[in-house]
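Numbering (this note's numbering), first residue to last: 1 to 72.
Here it is in C-alpha cells:
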C-alpha cells in the first residue's frame, strides 16, 4: 500500500523540487517564481518546469538569455 501511494507522491515532490530550483535561479534577476512563470506564459514559451530546472542548472547562459527575453 505504501509503494502505491509513494509512487504518486513522488511526482508531486519532484514538481516541488523543480519549482524551488527555478525560483532560486530567477532570484538574481529580481523575479519571483510565480512572476517568471507568468511572463513565460504571456510570451507563449511552452517549456515545462522540468526543462526549466535543467536549463537553470546545466545551461546557466541559456537560462539567463531566456530570463532576459521574457523580462524585456
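Think of the CB as a built atom: it goes at the ideal place given N, C-alpha and C, for glycine as much as any other residue. Only a predicted model underlies this, so the values are computations on that prediction, with no experimental measurement involved.
Pairwise C-alpha distance: residue j and residue i
i	j	result
residue 82	residue 26	The first residue shown for the chain is 1 and the last is 72, placing residue 82 beyond what the model contains.
residue 13	residue 53	14 Å
residue 37	residue 58	19 Å
Whole-Å CB distance - residue i paired with residue j, under 8 Å assumed
i	j	result
residue 29	residue 71	7 Å
residue 50	residue 18	6 Å
Residue i classed as buried or exposed, judged by whether at least 16 other C-beta atoms fall within 10 angstroms
i	result
residue 22	buried
residue 66	buried
residue 56	buried
residue 47	exposed
Three-state secondary structure (DSSP) of residue i
i	result
residue 59	coil
Start-to-end residues for the alpha helix (DSSP H) that takes in residue i
i	result
residue 17	2-26
residue 37	33-42
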